[in-house]
Structure formats: C-alpha cells, structure tokens
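When the count follows the numbering used here, it moves up by one through the sequence shown with no breaks and lands on 203 for the last residue. As structure tokens, the structure follows; a few thoughts come after it.
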Amino acid sequence: MRFLLLLLIPVAAFSLWVHRKAEQNEARLGEVASAIAQRSVGVNCPGFWRRLVDVRGEDGSVRFDAAGRPSDTAELSGPTCDRLEDFSRAGTKPAFDCLLPDDRHCGRELVETARALATLAHESFHLAGIRDEAAAECYATQTVDFVAEKLGATAAEGEIVAVWAARTSPKSHPEEYHSPECRAGGALDLEPRTAAWP
Numbered sequence: 006m007r008f009l010l011l012l013l014i015p016v017a018a019f020s021l022w023v024h025r026k027a028e029q030n031e032a033r034l035g036e037v038a039s040a041i042a043q044r045s046v047g048v049n050c051p052g053f054w055r056r057l058v059d060v061r062g063e064d065g066s067v068r069f070d071a072a073g074r075p076s077d078t079a080e081l082s083g084p085t086c087d088r089l090e091d092f093s094r095a096g097t098k099p100a101f102d103c104l105l106p107d108d109r110h111c112g113r114e115l116v117e118t119a120r121a122l123a124t125l126a127h128e129s130f131h132l133a134g135i136r137d138e139a140a141a142e143c144y145a146t147q148t149v150d151f152v153a154e155k156l157g158a159t160a161a162e163g164e165i166v167a168v169w170a171a172r173t174s175p176k177s178h179p180e181e182y183h184s185p186e187c188r189a190g191g192a193l194d195l196e197p198r199t200a201a202w203p
C-alpha cells in the first residue's frame, strides 16, 4: 500500500502539471482566436486519453449548428496544439527564412509550426461565423502573420509565414478550400485598397 502511494503521488503531480500547462496554452490560443473572431471564443486541445483515440486526422475544426451558427470553441489536434505551445513558449523563436522560396530545406518541425499557425488562423475565422472553407482559408492566409506575431514572432517572420501559406495552401488543401477571388483586389481581399498580398 505504501509503495502504491509513493508511486501515485509523482504520477498525480505530473498529471496536474500537464493539465495546467494545457490550460495555459488553450487560454493563450483562445485570446488570439478571440481577436480574429471579434468575440470571446475558446480553443480546446485534446488531453492524453483523447489523443489515444483521436483518429479524425484533422488539424482543427469548428462545429456549426443547423442555423449556421458556429460553436464558441475550436477543436485543435494534439500535434497542432503541441506546435503552437512549443512556438509560443520558445525563448528564441525559430527563423522561418527557409520557408522561402520553398520549404524543401526546412526541418519538418518548422513546416509543421507554420502549418499550425495557419490552422489557428483558419479555425478562428470559422469561429467568426465564416462557414465557407475557401473564404476561411483565404482570410487565414492574410492573417497568419498576426497569429505568429501574437505568439511572439517578429513582423518580418510573420510575413514570411504568410507568403509561405499563400504559396502552399493551394497545393496542400482540397479544391473547396480555394477561390479565384483569393488574390490582391479580389472579393476575399481583406485590404482591397492596398496592393500588398497576402
């Protein structure tokens, strides 16, 4: 009995530490999502047990009800949450320079971090009520620099991630995630008065 108790105490302490760390990450990501959605929303990251049974394969999702209203929470995958947490907690942020002109010379972790930043931006627009995947993806491409900066990147690094997202999104997502209006001056341009893109 005493041995079991000695074993359970560190396990319980570790579990509590992991849970607290996850809550902090969710709160941080929820603040970024709320800024984009322009309402108070949250982000859920799966816990240990949910990760074991999660077979969806999606980086993130937001549910819409029958009336087309989004839920108040985005569900992010474990790997997406992990990349965002590692990025936001890093004292020295990774340099995204290798993403341009293409990401063939980048490490897998760096590319996954850029993808996670874009995923948070995309799901935040769903939380804002944008149900259409092409519109959410286009808006995300134009605001992923904001997400990166809110989590600690410089403006220049955020811009690199945005250019990378604009270039790679058409290759990495199904057709319904793309629109010919996702361009400078197009109907989905968030800043049509400027020539800058994204």
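By construction, the Cβ of each residue, glycine as well, lies at the ideal position given by its N, Cα and C atoms.
With DSSP as the reference, label residue i as helix, strand or coil.
i             : result
leucine 122   : helix
proline 99    : coil
leucine 116   : Sequence check: residue 116 is valine here, not leucine. Helix.
glycine 47    : strand
serine 66     : strand
histidine 127 : helix
leucine 34    : helix
alanine 71    : coil
serine 109    : In the sequence under discussion, the amino acid at residue 109 is arginine, which differs from the serine named in the question. Looking at arginine 109 - three-state DSSP - the assignment turns out to be coil, as it is neither helix nor strand.
alanine 40    : helix
alanine 27    : helix
glutamate 186 : coil
Looking at residue i: is its Cβ nearer than 9 Å to the Cβ of residue j?
i               : j                : result
cysteine 103    : leucine 122      : no
arginine 136    : glycine 47       : no
phenylalanine 2 : alanine 42       : Residue 2 lies beyond the range of the chain shown here (6 to 203); nothing can be said about it.
lysine 166      : alanine 95       : Correcting the residue type first, residue 166 is valine in the shown sequence and not lysine. No, they are not a contact pair.
alanine 178     : glutamate 128    : A quick correction: the sequence has histidine, not alanine, at residue 178. Against a cut-off of 9 Å, the Cβ pair of glutamate 128 and histidine 178 comes out as no contact.
alanine 189     : alanine 201      : yes
alanine 27      : glycine 65       : no
leucine 34      : leucine 89       : yes
threonine 146   : cysteine 187     : yes
aspartate 108   : threonine 173    : yes
aspartate 77    : leucine 132      : yes
glycine 157     : phenylalanine 92 : yes
asparagine 49   : alanine 79       : yes
glutamate 63    : lysine 155       : no
glutamate 181   : alanine 139      : yes
If you follow the alpha helix (DSSP H) that residue i is part of, which residue opens it and which one closes it?
i             : result
glycine 83    : 83–94
alanine 160   : 160–177
threonine 199 : Segment: none, threonine 199 is in no alpha helix (DSSP H) and carries neither H nor E.
glutamate 138 : 138–155
Please name the residue or residues paired with residue i in a DSSP beta bridge.
i           : result
alanine 79  : Val48
glycine 191 : DSSP output for glycine 191 lists no bridge partner at all.
Pull up the CB-CB distance for residue i and residue j, whole angstroms please, since I reckon it's below 8 Å.
i            : j             : result
glycine 134  : aspartate 150 : The pair is not a contact, with the Cβ atoms about 22 Å apart (cut-off 8 Å).
arginine 125 : alanine 40    : Checking the sequence shown, residue 125 turns out to be leucine, not arginine. The Cβ separation is near 11 Å, so there is no contact.
leucine 193  : tyrosine 144  : 7 Å
proline 203  : valine 152    : In fact, because the Cβ distance is near 13 Å, the residues do not count as touching under 8 Å.
Can you find a CB in chain B that lies within less than 9 Å of the CB of residue i?
i          : result
proline 84 : In the structure shown, chain B cannot be found, because there is only a single protein chain.
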